[in-house]
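**Q**
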Amino acid sequence: MTNGGSSNSERKEARTARTGDERHLREECGVFGVYAPERRDVARLAYYGLYALQHRGQESAGMVVNDDGRFSAWCDVGLVNDVFTPERLSSLGEGEMVVGHVRYATTGSDNKRNVQPLVINHYKGHMALAHNGNLTNSLELRDELERNGSIFHTTTDSEVIAYRIVQERLRLGSIEAAVSEAMNHIEGAYSLVIASSTKLIAARDPNGFRPLCMGQLPGGGTVFASESCALDAVGAKWVRDLLPGEIVTVSHRGFRTDRSHCGKAPRRLCVFEFIYFARPDSVIEGCSVSLARQKAGAFLAQQHPVEADVVVGVPDSGLDAALGYATASGIPYAIGFTKNKYIGRTFIAPDQAQRENGVNIKLNPIRSAVEGKRVVLIDDSIVRGTTCRRTIDLLRRAGAREIHMRVSAPPFIAPCFYGTDIDSAENLIANHHSVPEIARIIGADSLGYLSVENAERLAGPPYDRFCTACFGGGYPTSVPKDGQKDRFEQKLGRQR
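For the sequence shown, numbering that gives the first Met the number 0 assigns the number 0 to the initial residue and increments by one for each residue that follows.
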């Protein structure tokens, strides 16, 4: 097996420099897996699938190819396009199954040791694991595993899951039985794709916090992915979403499903998948993400009407909501910004001054669309207020006469423990200021948020299936005593 590590890793890590003193909400991770013994080109399929999921994680990428029980792995810091050059992709060879991952660090730092998939070798064979989500009892489980002799090489909760599964595998007769038993002990959010020497397994936590779907390749072969857009990228037909708590196993013996964990907890899909995380061309649990965002805009028009001349959205996730607002209000929709297509949500910035002005590089207003006009500006969220203040300032300089900010999410008032990078209530502007005060801080003439009730209605009934904890909706599970993203790094520091 090979492991990631290139001479320019430090330069790649610089891509994680922030575009300002506010960190916009960050994606979770993306997982992808293929079982296709007739195809053999699984590494190429994983490359395209991970490329389609790039929006879910831009800090690192990796894949593990299984060729008749022989694992070839490559993981590194950087975008999919950087990590998997044509030569590197070719070096992974052919195989009948693959597990892939794109990562944004929600637990554990973003350095190279924490990239996924994780590969564990034990006396019963190999296992490769890719994880999207965040455990709420990872610290306790890690302490227990360490006391029993486990030696951790990363600071992620994903390694806790991997070791717990291996621990069960050593005493049980199959990998799928080990996954099922491990699910009795791990708590929180997890969508998993796991490869053993002979099987590909997908599993989703009983609350269903994070999405996970299954597709079928032409001519045979099964694909698992965080979002349906990745199925489209490899030409797979969407079959269905995994149920919360479901385990699906694919091997030469066929297809098996274990639903013994289904129905053990209330369904709580993260509502922010529809507001921001997922790609608009994805379908999650039967609902189009694009249509859900348009519905958010329509709800905003009903909740917060205003006299204006034009509706514009902040690229990219504000565009569909802006279209929905315009359609519902009758105010014309316009493209108000052009976005630099050659940088992601992060970019290399040589000094702090340029990082603070990063929004100027990423976005530029189209003066003819906003000059002299009353503008309704739609964005997906306000975290600290810094980024939207700069965006509003751009519109002012382009000649906008009035700017009425509308947000297609409720105010953030609580940290998230399930994978969204909201780990401190102290830094959330909505916890310290009223809506009129926030409007003054960001420089808007008025401000309106989507209500929690309408957020729960974005994807249609049933309306009680979403997690809205970060909006004050209450946590559906117990929460960790220490919810800091770097809690394992802090533990290592104390041990030293």
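Glycine is no exception: its CB is placed at the ideal position from the N, C-alpha and C atoms.
All values reported here derive from a predicted model rather than from experimental measurement.
Thinking C-alpha only, which one of ARG389, PHE70, LEU138 is nearest MET126?
**A** The shortest Cα separation from MET126 among ARG389, PHE70, LEU138 belongs to PHE70.
**Q** Please return the same chain residues whose Cβ sits closer than 7 Å to the Cβ of ASP40, not counting the five positions on each side in sequence.
**A** Answer for ASP40: GLU93, listed in chain order.
**Q** Which complete beta strand (DSSP E) runs does the stretch 142-218 hold, if anything under 3 residues is left out?
**A** Runs found: 187-194, 199-203, 212-215.
**Q** Could you give the DSSP three-state label for ALA348: helix, strand or coil?
**A** No answer about ALA348 holds up, because its pLDDT of 42 lies below 50 and its placement is not dependable.
**Q** Would DSSP call ALA297 helix, strand or coil?
**A** It is helical.
**Q** Between which two residues does the beta strand (DSSP E) holding LEU134 run?
**A** 124-134 is the extent of the beta strand (DSSP E) around LEU134.
**Q** Which of the three DSSP states is assigned to PRO224 in this structure?
**A** With the sequence shown as reference, residue 224 is identified as Ala, and Pro is not the correct amino acid for it. In this structure, ALA224 counts as strand in the three-state DSSP scheme.
**Q** Take CYS269 and list the residues in its own chain whose beta-carbon comes closer than 6 Å to its own, dropping the five residues that flank it on each side.
**A** Closer than 6 Å at Cβ, skipping near neighbours: PHE208, CYS466.
**Q** From the DSSP output, read off the bridge partner residues of CYS74.
**A** BP columns for CYS74 point to GLY61.
**Q** Taking the beta strand (DSSP E) that ILE402 belongs to, which residues open and close that run?
**A** Taken as a continuous stretch (DSSP letters only), the beta strand (DSSP E) holding ILE402 covers 401-406.
**Q** Check the C-beta distance from THR326 over to ALA297 and give it rounded, since I have them as a contact under 8 Å.
**A** Between ALA297 and THR326 the Cβ distance is about 7 Å, and since that is below 8 Å, they are a contact.
**Q** At what residues does the alpha helix (DSSP H) containing PRO435 begin and finish?
**A** 434-441 is the extent of the alpha helix (DSSP H) around PRO435.
**Q** Evaluate contact between the stretch 363-379 and the stretch 305-315, counting only Cβ atoms and requiring at least three cross-stretch pairs below 8 Å.
**A** Verdict: yes, contact present.
**Q** With distances taken from CA atoms, which of ALA424, GLY471, GLU86, LEU134 is nearest PRO479?
**A** If we check each option's Cα against that of PRO479, LEU134 comes out closest.
**Q** Please tell me whether LEU242 and MET213 are closer than 8 Å, where the distance is taken between their beta carbons.
**A** Not in contact: LEU242 and MET213 (Cβ atoms no closer than 8 Å).
**Q** Spatial neighbours of VAL249 within its chain, please: C-beta separation below 6 Å, excluding the five flanking residues on both sides.
**A** Excluding positions up to five away in sequence, the list reads TYR34, LEU199, THR221.
**Q** On the premise that PHE273 lies in contact with LEU457, defined as a C-beta separation below 8 Å, what is that separation, rounded to the nearest angstrom?
**A** Between PHE273 and LEU457 the Cβ distance is about 5 Å, and since that is below 8 Å, they are a contact.
**Q** Mapping the DSSP letters down to three states, classify ASN113 as helix, strand or coil.
**A** The answer is helix: DSSP assigns ASN113 an H, G or I state.
**Q** Is the distance from the Cβ of ALA188 to the Cβ of GLY418 below 8 Å?
**A** Contact: yes.
**Q** Could you tell me how far apart the beta carbons of ALA51 and ALA229 are, in whole angstroms, since I believe they sit closer than 8 Å?
**A** Right, the Cβ-Cβ distance comes to about 4 Å (below 8 Å), so this counts as a contact.
**Q** DSSP three-state label for PHE83, please.
**A** It is coil, neither helix nor strand.
**Q** Is the distance from the Cβ of TYR162 to the Cβ of LEU144 below 8 Å?
**A** For TYR162 and LEU144, yes; Cβs fall inside 8 Å.
**Q** From ASN224 to TYR324, what does the alpha carbon distance come to, in whole angstroms?
**A** Inspection of the sequence shows that residue 224 is occupied by Ala rather than by Asn. Computed Cα separation, rounded: 31 Å.
**Q** With 16 as the cutoff for other CB atoms within 10 Å, does GLN301 come out buried or exposed?
**A** Answer is exposed; the Cβ neighbour count stays below 16.
**Q** Under the three-state reduction of DSSP, which class applies to PHE411: helix, strand or coil?
**A** PHE411 falls in the coil class under three-state DSSP.
**Q** For SER407 versus ARG292, is the C-beta distance shorter than 8 Å?
**A** A contact, by the Cβ cut-off of 8 Å.
**Q** Quick check on DSSP: helix, strand or coil for LYS338?
**A** Residue state, collapsed to three classes: strand.
**Q** Could you tell me the alpha carbon to alpha carbon distance between SER316 and ALA176, rounded to whole angstroms?
**A** Cα-Cα distance, rounded: 40 Å.
**Q** Quick one: any contact between the stretch 245-261 and the stretch 166-181, if contact means 3 or more CB pairs under 8 Å?
**A** In short, these stretches touch, since the Cβ pair count reaches three.
**Q** Please report the distance separating the alpha-carbon of ARG400 from that of PHE411.
**A** Roughly 29 Å separates the two Cα atoms.
**Q** CB-CB under 6 Å to ILE369, same chain, minus the five flanking residues each way: which ones, in chain order?
**A** Strictly speaking, residue 369 in this sequence is Val, with Ile absent from that position. Cβ within range, chain order: GLY335, LEU394, ALA397, ALA399.
**Q** Just the Cα atoms here: how many angstroms apart are THR476 and ASP463?
**A** The straight-line gap from Cα to Cα measures roughly 15 Å.
**Q** Nearest by alpha-carbon distance to ARG112: which of LEU171, ALA60, GLY384 is it?
**A** It is ALA60.
**Q** With distance defined between alpha-carbon atoms, name the residue in GLY442, ARG168, ASN136 nearest to ASN120.
**A** Here the closest residue by C-alpha is ARG168.
**Q** For the stretch 218-275, list the beta strand (DSSP E) runs that are entirely contained and at least 3 residues long, ordered along the chain.
**A** The qualifying runs are 221-224, 236-240, 246-250, 253-257.
**Q** Could you tell me how far apart the beta carbons of ILE428 and GLY384 are, in whole angstroms, since I believe they sit closer than 8 Å?
**A** Indeed, because the Cβ distance is near 4 Å, the residues count as touching under 8 Å.
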